[in-house]
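Since the structure comes first, as structure tokens, the remarks are kept for the end.
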Amino acid sequence: QVQLVESGGGLVQAGGSLRLSCAASGRTFSIYTMGWFRQAPGKEREFVAAINWSGGTTNYADSVKGRFFISRDNAKNTVYLQMNSLDPEDTAAYYCAGSPSGRYYAWWGQGTQVTVSS
126 QVQLVESGGG LVQAGGSLRL SCAASGRTFS IYTMGWFRQA PGKEREFVAA INWSGGTTNY
186 ADSVKGRFFI SRDNAKNTVY LQMNSLDPED TAAYYCAGSP SGRYYAWWGQ GTQVTVSS
């Protein structure tokens, strides 16, 4: 089992930046991919970004390309999401997730709220 704990959410003005962190513990050797997802009120959860835990290959949703950057620190078992040029449309609960295979996400954090004011 892998436990994930997010932090770093908050309130920011449009155009500002935030960095989310996700600390993994437990059987972290089982992690193949780490991802970030978000869910806004009344909307379905959507993929934001992912990173391969060993090789570092990244993948982004079109809506955040060039603004959000995912990275990881294997020594700290932590993945980050640097969010720049934030827009009110980015307001959502952000969730960290871990995948043992890259095909499905088996472990989820509790979420952290990001609110972007106009």
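Note that the numbering used here has the sequence shown beginning at 126, numbered continuously upward.
Note that CB positions come from ideal geometry on N, CA and C, so glycine has one too.
None of these values were measured; they are calculated from a predicted model.
>> Please state whether the Cβ-Cβ distance between D215 and M208 is less than 8 angstroms.
In response: Taking the first residue of the sequence shown as 1, we reach residue 215 at position 90. Taking the first residue of the sequence shown as 1, we reach residue 208 at position 83. Yes.
>> What would DSSP say about T240, mapped onto helix, strand or coil?
In response: Residue 240 sits at position 115 when you count from the first residue of the sequence shown. Secondary structure of T240 (DSSP, three-state): strand.
>> Rounded to the nearest angstrom, what separates W232 and T158 at their Cα positions?
In response: Along the sequence shown, read from residue 1 onward, the residue named residue 232 stands at position 107. Along the sequence shown, read from residue 1 onward, the residue named residue 158 stands at position 33. Rounded to the nearest whole angstrom, the CA to CA distance from W232 to T158 is 11 angstroms.
> Should A200 go down as buried or exposed, given a rule of 16 or more other Cβ atoms within 10 Å for buried?
Replying inline: Translated into positions along the sequence shown, residue 200 becomes position 75. Around the beta carbon of A200, fewer than 16 other beta carbons lie within 10 angstroms, which makes this residue exposed.
> DSSP on S196, reduced to helix/strand/coil?
Replying inline: Residue 196 sits at position 71 when you count from the first residue of the sequence shown. Here S196 carries a strand assignment [DSSP, helix/strand/coil].
> Is the Cβ-Cβ distance between A139 and V241 less than 8 angstroms?
Replying inline: Along the sequence shown, one-based indexing puts residue 139 at 14. Along the sequence shown, one-based indexing puts residue 241 at 116. Yes.
> Does the distance from the C-beta atom of S155 to that of V127 stay below 8 angstroms?
Replying inline: Locating residue 155 in the sequence shown gives position 30, counting from the first residue. Locating residue 127 in the sequence shown gives position 2, counting from the first residue. Cβ atoms of S155 and V127: closer than 8 angstroms.
>> Given this structure, state the Cα-to-Cα distance separating G135 from S226, to the nearest angstrom.
In response: The count along the sequence shown starts at 1 and reaches residue 135 at position 10. The count along the sequence shown starts at 1 and reaches residue 226 at position 101. Rounded to whole angstroms, the gap between the alpha carbons of G135 and S226 is 31 angstroms.
> In angstroms, rounded to a whole number, what distance separates the CA positions of W161 and Y185?
Replying inline: For this step, residue 161 is matched to residue 36 along the sequence shown. For this step, residue 185 is matched to residue 60 along the sequence shown. W161 and Y185 have their C-alpha atoms some 9 angstroms from each other.
> So is S224 buried or exposed if we call it buried at 16+ other beta carbons inside 10 Å?
Replying inline: Sequence index remark: in the sequence shown, residue 224 carries index 99 (1-based). In the assembly as shown, S224 is a buried residue. Its beta-carbon has 16 or more other beta-carbons within 10 Å.
>> Is the beta carbon of V204 closer than 8 angstroms to that of I176?
In response: Here residue 176 is taken as the residue at index 51 of the sequence shown, counted from 1. Here residue 204 is taken as the residue at index 79 of the sequence shown, counted from 1. Yes.
>> Please report the straight-line C-alpha distance between G151 and A222, rounded to a whole angstrom.
In response: As a position in the sequence shown, residue 151 is number 26, starting the count at 1. As a position in the sequence shown, residue 222 is number 97, starting the count at 1. G151 and A222 have their C-alpha atoms roughly 14 angstroms apart.
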